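For the sequence shown, full-length UniProt numbering assigns the number 1 to the initial residue and increments by one for each residue that follows. Ideal Cβ placement from N, Cα and C applies to all residues, glycine included. Since this is a predicted model, take the numbers as computed values, not measurements.
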Amino acid sequence: MKPFPRPTRQAPDYGEETHIFGITPSPSQRETNDEDLAPPPSQAPSTTRKTSPPEPVRPAEEKPAGDKPVGDNPPASAPPPDTPIQRLHMATVGAEGRGDLADLRRLRSAWKEYVSKVVGPDRSRAKREYADCLWAIQGITGKRGDQKDTLAAYRDYLLSAPAGGADNRSASRLRQLEEAFTEKR
Numbered sequence: 001m002k003p004f005p006r007p008t009r010q011a012p013d014y015g016e017e018t019h020i021f022g023i024t025p026s027p028s029q030r031e032t033n034d035e036d037l038a039p040p041p042s043q044a045p046s047t048t049r050k051t052s053p054p055e056p057v058r059p060a061e062e063k064p065a066g067d068k069p070v071g072d073n074p075p076a077s078a079p080p081p082d083t084p085i086q087r088l089h090m091a092t093v094g095a096e097g098r099g100d101l102a103d104l105r106r107l108r109s110a111w112k113e114y115v116s117k118v119v120g121p122d123r124s125r126a127k128r129e130y131a132d133c134l135w136a137i138q139g140i141t142g143k144r145g146d147q148k149d150t151l152a153a154y155r156d157y158l159l160s161a162p163a164g165g166a167d168n169r170s171a172s173r174l175r176q177l178e179e180a181f182t183e184k185r
């Protein structure tokens with residue numbers, strides 16, 4: 001009685017058939033596998049795979065920002081924010097992008113109120129977002145009072161952030177503000 005043949009696959013580097021578990025069948029087993037026991041390809045899925053080297057990944061071509069593809073649908077927008085912190089963040093980013101000082105000042109009040117009410121990991125994020133809102137305000141106005149508020153907010157965020165939780169951007173902004181104050185003295 002012949003042992004039941006095991007499924008085989010093509011070895012990627014050497015071009016010879018190898019058992020799934022690494023056993024190379026003898027020439028007589030290869031003939032048995034190919035001629036007697038293998039069903040026609042149209043009747044059963046193949047148990048033999050041939051591997052080829054992966055296609056090299058080509059970088060996507062960059063298009064200038066002003067060019068719009070003709071006839072293509074616009075990309076799908078991100079899903080609407082579903083938490084208060086996400087809604088406030090999106091409003092802050094939008095107001096900063098438009099340079100809308102009045103909206104940023106209203107959002108500053110909303111962030112300050114939100115920071116006082118939230119607890120847990122969202123509190124740290126809310127403090128950072130509040131500081132980012134103040135950063136946008138002082139970037140537009142350039143007033144020393146706005147810079148002081150921003151510096152205090154970044155200090156509060158960085159000092160209360162969990163170990164390793166502070167991001168480099170916030171630390172960099174804090175250093176920039178501190179240097180600006182030391183230069184003016």
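Pick from the options that is closest to residue i, judged by C-alpha positions
i: Gly-142; options: Arg-87, Ala-180 and Ser-170; result: Ala-180
i: residue 190; options: Leu-151, Thr-83 and Arg-106; result: Any answer about residue 190 is impossible in this case: the structure gives the chain only from 1 up to 185.
i: Thr-150; options: Ala-131, Leu-158 and Pro-162; result: Ala-131
i: Glu-113; options: Glu-178, Ala-102, Lys-127 and Arg-98; result: Lys-127
i: Glu-96; options: Trp-135, Val-119 and Pro-81; result: Trp-135
i: His-89; options: Trp-111, Arg-175 and Asn-168; result: Trp-111
i: Glu-129; options: Ala-163, Arg-87, Arg-144 and Pro-162; result: Arg-87
i: Pro-162; options: Arg-125, Gln-147 and Val-118; result: Arg-125
i: Ile-137; options: Ser-116, Arg-106 and Val-115; result: Arg-106
i: Val-119; options: Arg-144, Leu-174, Ser-160 and Asp-167; result: Ser-160
i: Ile-147; options: Arg-169, Tyr-157, Leu-174 and Leu-158; result: The residue you asked about is not Ile; residue 147 is Gln in the sequence shown. Looking at the Cα atoms, Leu-174 is the closest of the given residues.
i: Ser-172; options: Leu-158, Glu-183 and Lys-184; result: Leu-158
i: Arg-144; options: Arg-169, Arg-155, Ile-85 and Lys-184; result: Lys-184
i: Gly-99; options: Val-115, Glu-178, Asn-168 and Gly-139; result: Gly-139
i: Glu-178; options: Asp-167, Tyr-154, Ala-166 and Asn-168; result: Tyr-154
i: Ser-116; options: Pro-80, Asp-156 and Pro-81; result: Asp-156
For residue i, the three-state DSSP class (helix, strand or coil)
i: Asp-82; result: coil
i: Glu-35; result: Confidence at Glu-35 is low in this model, with a pLDDT of 48, below 50, so the placement of that residue should be treated as unreliable; the coordinate-derived value is given next. In the structure shown, Glu-35 sits in a helix (DSSP, three-state: H, G or I).
i: Gly-99; result: coil
i: Ala-91; result: helix
i: Pro-64; result: With a pLDDT of only 49 at Pro-64, under 50, the local geometry of the prediction cannot be trusted, and the value read off the model is given with reservation. Coil.
i: Leu-115; result: The sequence shown places Val at residue 115, rather than the Leu named in the question. It is helical.
i: Ala-171; result: helix
i: Lys-143; result: coil
i: Ala-166; result: coil
i: Ala-161; result: coil
i: Tyr-130; result: helix
8 Å contact criterion, which residue i and residue j should meet: CB distance rounded
i: Leu-104; j: Cys-133; result: 6 Å
Residue i beta carbon near the ligand SAH (any heavy atom closer than 8 Å)
i: Asp-132; result: Looking for the ligand SAH in the displayed structure turns up nothing, as the structure carries no ligands at all.
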